[in-house]
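*Asks:*
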Amino acid sequence: MRPLKDLKKLLFGESSELSIIIEHLKSDKPALFGLAVIILLVLMAVFADFISPYDPNLQDLSRRLEPPSWEHPFGRDEFGRDILSRIIYGSRISLTVGVVVITISLLIGTALGALSGYIGGWIDLVIMRVADIFLAFPGLLLAIGLTAVLGQSIFNVMAALAIVNWPGYARVIRSQILYIKGLDYVEAARIMGASNARILASHVLPNSFAPIIVLATIGMGWAILAEAGLSFLGLGVQPPTPSWGSIIATGRDFIFRAPHITTIPGIVLALSILAFNLFGDGLRDALDPRLRI
Amino acid sequence: MTLDLEYSEKGMQHNHLLEIVDLKTYFFTKRGAVKAVDGISFTIDAGDVFGLVGESGCGKSVTALSILRLVPDPPGKIVSGQVIFEGEDLLQKSEEEMRSIRGAKISMIFQDPLTSLDPIVRVGEQIVEAIRTHTNMNPQKAWEKAVKILTEVGIPDAEIRAKQYPFQLSGGMRQRVMIAIALVTEPRLLIADEPTTNLDVTIQAQILTLLKEIKAKTQTSILFITHNLGIVAWLCNKLAVMYAGKIVEYGATKSVFSNPLHPYTTLLLKAVPRLDIKKEMLESIEGDVPDLVNPPSGCRFHPRCPYAKKICSIIQPPMIEVEEGHYASCLIYDKEKWRSV
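Heads up: the sequence lines are chains A and B, in that order.
Position 93 (the first sequence) corresponds to 93 in this note's numbering; numbering is contiguous.
Position 132 (the second sequence) corresponds to 425 in this note's numbering; numbering is contiguous.
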């Protein structure tokens with residue numbers, strides 16, 4: 001523990017923002033649970049090749065729909081493939097989609113939200129009305145429509161989800177910036193002769209990020225669920241590539257004969273989303289300055 | 294006077310560091326133009342600590358923002374006048390030229406040190422930023438300079454403090470950091486907008502002492518904006534009293550305090566609690582601050598003035614030099630007009 005603490009001190013100083021957040025999270029059990037699950041998921045995705053017990057695409061039709069056993073803890077699917085291995089590999093798809101979708105949404109949302117909030121005027125009006133148009137559609141429905149137009153592939157799924165998702169970030173960033181640009185330290189920077197670009201980059205944006213970090217964490221859960229939903233509907237990942245959504249979709253036909261095919265990936269999916277939400281909530285509390293002192 | 298001489302020897306054509314001539318700053322709202330600053334003039338010389346006194350909403354802070362050309366536009370606009378700083382009219386400068394003046398030649402500190410520092414940037418870095426905005430000093434040297442100035446403004450363990458974040462500093466220390474940021478570029482003029490209002494009394498005294506030391510040590514002139522007459526008496530050598538967007542009295546601190554000319558100033562001085570005079574109740578000035586969209590006709594103070602005559606609501610009193618260098622804008626000192634009615 002000692003060297004870790006020294007490293008922390010070295011990196012972030014005695015009581016920087018980050019170390020305060022870490023201190024706060026330490027005592028937040030649900031958030032720690034969420035974090036543990038997220039770390040587990042990431043490890044699973046990164047080391048899938050080493051930890052998955054079988055080839056996820058190896059079929060054995062003679063043993064199809066086999067229920068969980070010691071040999072195959074999560075059972076086998078309709079082609080006799082090992083479900084545990086497919087879930088492990090499926091985490092790669094889920095996390096990749098989550099990270100990519102959130103990153104793209106963040107980039108678009110931050111850029112447009114910052115322009116909108118900082119410059120204001122007609123630019124604000126145009127950007128916000130476009131955002132409103134996107135927000136007016138039910139998110140998943142719009143994503144389905146977009147993937148239908150763009151064609152079925154995992155890249156198009158990610159593009160569609162990012163297009164659906166950015167307006168939320170743009171709105172939050174904009175409102176943060178509207179608030180922060182009126183604060184004294186921004187005025188102080190202007191009085192000290194700083195340019196607009198500098199004020200935006202070094203004072204306004206960094207101070208706007210706290211709620212965005214929280215939103216992005218919870219957004220990961222949303223993106224994973226949305227990808228599963230699209231794959232479930234057959235719009236996402238194409239077989240035989242394993243995705244949690246598509247495993248659940250194929251298991252649907254055998255829900256009475258082999259309920260483990262749908263329920264186990266369903267539980268994994270629910271648990272992952274819960275983890276991101278719990279961690280996001282914990283972050284929100286940790287970043288809330290009213291809970292400090 | 295000696296400073297003025299030095300300037301003329303260098304061939305400079307001006308005597309004043311800052312000369313404000315008939316400055317008007319209005320805010321255009323749906324109700325009409327709010328005449329926040331309505332034709333004020335005053336001068337600050339090198340080495341002056343100039344007090345700008347008045348109640349809330351009389352236009353003191355707008356004056357400061359007008360000097361720096363940072364009046365929020367819209368709705369605010371400098372309608373007319375001149376702000377001559379080191380011989381050049383700041384109102385004619387481009388935005389880029391203004392940026393090189395702000396923070397370098399004219400700095401400002403604010404009321405609330407708690408919110409004037411960026412909460413997520415180390416205080417040392419904020420000073421470094423101020424240095425590097427205006428010079429090409431390398432980061433290492435700028436950091437050393439930041440630590441040095443923190444020591445100079447009276448922050449103990451400056452090296453450690455520089456690495457801390459604003460929330461780890463007390464209110465008084467944060468105001469010291471603000472002062473350090475403002476002074477690190479060695480500006481000619483420091484505008485202090487009620488810098489002690491949000492601090493408790495002991496810390497107030499410390500900060501004011503610091504400002505006085507700065508004045509003694511550096512070339513920096515100070516424009517000190519406050520509603521606290523006690524501070525002005527102690528710190529400033531010249532002062533102007535503002536009322537409803539206009540300057541009503543202007544002169545050396547000594548003569549204004551020993552011989553207040555304008556009725557508003559007289560009443561203000563009576564409203565100050567004093568330890569040496571026993572009183573049951575403090576004096577107060579009847580009435581309210583006027584509406585600056587439709588200010589009273591004639592003298593703006595006449596509805597509240599105990600001496601007001603009919604003529605006061607008709608004629609806008611000019612600035613009258615009653616004693617040498619001591620001006621008041623009141624018709625009482627225009628003997629002819631005052632007697633004529």
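Note that the Cβ used here is the ideal one computed from N, Cα and C, for glycine as well.
Can you give me, in chain order, the residues of the stretch 187-200 of chain A that have a beta carbon less than 8 Å from any beta carbon in chain B?
*Replies:* So the list reads Glu187, Ala188, Ala189, Arg190, Ile191, Met192, Gly193, Ala194, Ser195, Arg198, given in the order they occur along the chain.
*Asks:* Between Val414(B) and Lys26(A), what straight-line distance do the alpha-carbon atoms span, to the nearest angstrom?
*Replies:* Cα to Cα, Val414(B) sits roughly 24 Å from Lys26(A).
*Asks:* Using a Cβ-Cβ cut-off of less than 9 Å, list which residues of the stretch 392-403 of chain B approach chain A; keep chain order.
*Replies:* Per Cβ criterion, the list reads Arg392, Ser393, Ile394, Arg395, Gly396, Ala397, Ile399, Ser400, Met401, Ile402, Phe403.
*Asks:* Does the stretch 443-454 of chain B come close enough to the stretch 392-405 of chain B that 3 or more CB-CB pairs lie under 8 Å?
*Replies:* They do not touch, by the three-pair rule.
*Asks:* Quick check on Phe279(A): buried or exposed, where buried means 16 or more other Cβ atoms within 10 Å of its Cβ?
*Replies:* Result: buried.
*Asks:* Count the CB pairs spanning the stretch 194-201 of chain A and the stretch 137-144 of chain A that are closer than 8 Å, and state whether there are at least three.
*Replies:* No: the two stretches stay apart, fewer than three of their Cβ pairs being nearer than 8 Å.
*Asks:* Which residue wins for smallest C-alpha separation from Gly369(B), given the options Ala329(B), Ala526(B), Ile578(B)?
*Replies:* Closest by alpha carbon: Ala329(B).
*Asks:* Do Asn57(A) and Pro240(A) have their C-beta atoms within less than 7 Å of each other?
*Replies:* Closer than 7 Å, so yes.
*Asks:* Measure the alpha-carbon distance for Val576(B) versus Ala564(B) and round it to whole angstroms.
*Replies:* One detail in the question is off: residue 576(B) reads as Glu in this sequence, not Val. Cα to Cα, the separation comes out at about 5 Å.
*Asks:* Give every residue of the same chain whose Cβ lies closer than 6 Å to the Cβ of Leu11(A), excluding the five residues on either side of it in the sequence, and list them in chain order.
*Replies:* Only weak support exists for where Leu11(A) lies, its pLDDT of 49 falling under 50; the coordinates are left without a value.
*Asks:* Should Val186(A) be labelled buried (16 or more other beta-carbon atoms within 10 Å of its own) or exposed?
*Replies:* Flag for Val186(A) reads buried.
*Asks:* Would you identify the three-state DSSP class for Arg481(B), choosing helix, strand or coil?
*Replies:* Coil, per DSSP.
*Asks:* Give the C-beta separation of Glu227(A) and Val37(A) to the nearest angstrom, bearing in mind that I take them to be a contact with Cβ-Cβ under 8 Å.
*Replies:* Contact flag wrong, Cβ pair sits at about 18 Å.
*Asks:* Answer yes if the stretch 526-544 of chain B comes into contact with the stretch 611-622 of chain B, meaning at least three C-beta pairs across the two stretches below 8 Å, and no otherwise.
*Replies:* These segments touch.
*Asks:* Would you tell me roughly how many angstroms separate the C-alpha atoms of Glu312(B) and Arg425(B), rounded to the nearest one?
*Replies:* Cα to Cα, the separation comes out at about 29 Å.
*Asks:* I need the DSSP call for Phe403(B), collapsed to helix, strand or coil.
*Replies:* Reduced to three states, the DSSP call for Phe403(B) is coil.
*Asks:* Tell me which residues of the stretch 158-187 of chain A have at least one Cβ-Cβ distance to chain B shorter than 7 Å, keeping chain order.
*Replies:* Result list: Leu183, Asp184, Tyr185.
*Asks:* To be precise: take each residue of the stretch 420-434 of chain B, compare its Cβ to all Cβ atoms of chain A, and keep it if any distance is under 9 Å. Which residues remain?
*Replies:* Of all residues in the stretch 420-434 of chain B, Glu422, Ala423, Thr426, His427 have a Cβ within less than 9 Å of some Cβ in chain A.
*Asks:* Determine the burial state of Phe155(A): buried for a count of at least 16 other Cβ atoms within 10 Å of its Cβ, exposed for fewer.
*Replies:* The residue is exposed, with fewer than 16 neighbouring Cβ atoms inside 10 Å.
*Asks:* Please classify Arg76(A): does DSSP put it in a helix, a strand, or coil?
*Replies:* Looking at Arg76(A) - three-state DSSP - the assignment turns out to be strand.
*Asks:* Does the beta-carbon of Asn207(A) have 16 or more other beta-carbons within 10 angstroms, so that it is buried, or is it exposed?
*Replies:* Buried.
*Asks:* Name the residues in the stretch 205-234 of chain A whose C-beta lies less than 8 Å from a C-beta of chain B; which are they?
*Replies:* Correct list: Pro206, Asn207.
*Asks:* Excluding five sequence neighbours on each side, which residues of the same chain lie with their C-beta closer than 6 Å to the C-beta of Thr336(B)?
*Replies:* Same-chain partners within the cutoff: His309, Glu312.
*Asks:* For Gln512(B), count neighbouring C-beta atoms within 10 Å of its own C-beta (all shown protein chains included) and say buried if the count is 16 or more, exposed if not.
*Replies:* Exposed, because fewer than 16 other Cβ atoms sit within 10 Å of the Cβ of Gln512(B).
*Asks:* Helix, strand or coil for Arg567(B) per DSSP?
*Replies:* In the structure shown, Arg567(B) sits in coil (DSSP, three-state: anything other than H, G, I, E or B).
*Asks:* Note down, in chain order, each residue of its chain lying with its Cβ closer than 6 Å to the Cβ of Pro553(B), except the 5 sequence neighbours on either side.
*Replies:* Hits under 6 Å: Thr559, Leu562.
*Asks:* Please determine, among Thr478(B), Asp627(B), Gly447(B), Tyr319(B), the residue with the shortest C-alpha to C-alpha distance to Ser354(B).
*Replies:* Nearest C-alpha to Ser354(B): Tyr319(B).
*Asks:* At what residues does the alpha helix (DSSP H) containing Gly98(A) begin and finish?
*Replies:* Taken as a continuous stretch (DSSP letters only), the alpha helix (DSSP H) holding Gly98(A) covers 83-119.
*Asks:* Only counting the same chain, and skipping five residues up and downstream in sequence, which positions put a Cβ closer than 8 Å to that of Ile213(A)?
*Replies:* Once the five neighbours on either side are set aside, the close Cβ partners of Ile213(A) are Leu283, Leu287.
*Asks:* With distance defined between alpha-carbon atoms, name the residue in Ile625(B), Leu410(B), Ala545(B) nearest to Asp184(A).
*Replies:* Looking at the Cα atoms, Leu410(B) is the closest of the given residues.
*Asks:* CA-CA distance, Ala498(B) and Ala455(B)?
*Replies:* Rounded to the nearest angstrom, the two C-alpha atoms are 23 Å apart.
*Asks:* What are the boundary residues of the beta strand (DSSP E) that Val541(B) is part of?
*Replies:* Where Val541(B) is concerned, the enclosing beta strand (DSSP E) stretches over 539-545.
*Asks:* Any beta-carbon of chain B closer than 7 Å to the one on Tyr203(A)?
*Replies:* Here residue 203(A) is His; the residue named in the question, Tyr, does not match the sequence. Yes, because at least one Cβ of chain B sits closer than 7 Å to the Cβ of His203(A).
*Asks:* Give me the Cβ distance between Glu78(A) and Phe254(A), rounded to the nearest whole Å; I'm assuming they're in contact under 8 Å.
*Replies:* At roughly 6 Å, the Cβ-Cβ gap stays under 8 Å, so Glu78(A) and Phe254(A) are in contact.
*Asks:* Under 7 Å between C-beta atoms, does Asp405(B) make it to chain A?
*Replies:* Taking Cβ atoms only, chain A reaches closer than 7 Å to Asp405(B), which makes this a yes.
*Asks:* Which residue wins for smallest C-alpha separation from Trp527(B), given the options Lys510(B), Ile420(B), Val549(B)?
*Replies:* It is Val549(B) whose Cα lies nearest to the Cα of Trp527(B).
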